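One structure is given below, encoded as structure tokens.
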Amino acid sequence: MKQYKAAEKKIRERSVNNKETLEKTKNEYEAFLSIKAQHKMFFQGQRYFSEGGRAGKILAQRVSVHRENGYIPAIRSEGGGIEKDPLRVREQFKGFYEKLYRSTSELPRGELEGFFGKDQFP
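For what it's worth, the working numbering labels the leading residue of the sequence shown as 11, then goes sequentially.
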């Protein structure tokens, strides 16, 4: 009987933990949906306001520029300084990805061929 009670207690504890986890996940999902809806309303406003008067057209133009740019206003360079010029920011990204994907192997070619030569690839 004691074993049965202990097992029943464990099941109840698990269900409480699962319920808490479920509630937390549900709240996070609702927050995500709320943010997504706000963004949709913001960009939908651009279409609505562009058909309106002068103030609406100015607002729509600002929303359009904001959406189209999607740029990063500043970035920290390798030297530690902050670059704010869009051309320099673009150059920093370009340099970073060129360096990241540059094919430089420190292993001798013979070792690589010996390692990969053992297996047959399709």
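Note that beta-carbon positions come from the ideal geometry of N, C-alpha and C, so glycine has one too. Nothing here was measured: the structure is a model prediction, and the numbers come from that model.
Excluding the 5 residues flanking it on each side, Ser87 has same chain C-beta neighbours closer than 7 Å at Glu93, Gln102, in chain order. Taking the Cα of Ile82 as reference, the smallest distance to any Cα among Ile68, Arg98, Gly91, Glu121 is reached at Arg98. When only Cα atoms are considered, Leu69 and His49 end up about 15 Å apart.
When the Cα atoms are used, Thr31 and Ser44 turn out to be separated by approximately 20 Å.
Put simply, the backbone Cα of Asn37 is about 27 Å away from that of Lys19.
Ile92 has Arg86 as its beta-bridge partners, per DSSP.
Judged by DSSP in its simplified three-state form, Arg112 adopts coil rather than helix or strand.
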